[in-house]
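Throughout, the numbering used here is defined as the position within the sequence shown, counted from one, plus 11. This report refers to the structure that appears directly beneath it.
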Amino acid sequence: MKLLKTYFPHAFKATDLVALLVTLVIYVLIDVVCGLVIGLLVKLPIIGIIFTVLGSLIGLYALIGIILSILVFVKVIK
């Protein structure tokens, strides 16, 4: 659990509804902004593959953060 709290610090702050909404907005903004930037960089011929993988990892990070914050909100994990 300590490892999850290290990599997803905002997810464990979602104890009430306002904090949950703020956390969800943070993770969605991370995903959207990085998606736009990486979407432009993917078109580069040689390093496009690297940015494709990086974009997938950032999307996965945001998804895990959203899931963890919902689980903290409903008190499945502490």
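Glycine included, every Cβ here is placed at the ideal spot set by N, Cα and C.
What does the Cβ neighbour count give for residue i, buried or exposed, with the cut at 16 atoms within 10 Å?
i	result
aspartate 27	exposed
threonine 17	exposed
isoleucine 60	exposed
leucine 31	buried
serine 80	buried
valine 64	exposed
When the Cα atoms are used, what is the spatial distance from residue i to residue j?
i	j	result
leucine 55	isoleucine 69	19 Å
glycine 50	leucine 35	22 Å
leucine 82	isoleucine 57	40 Å
alanine 25	methionine 12	16 Å
Of all the options the options, which has the alpha carbon lying nearest to the alpha carbon of residue i?
i	options	result
glycine 76	Ile58, Pro20, Leu47, Ser67	Pro20
leucine 71	Ile37, Asp42, Val33	Asp42
tyrosine 38	Ile88, Ile78, Met12	Ile78
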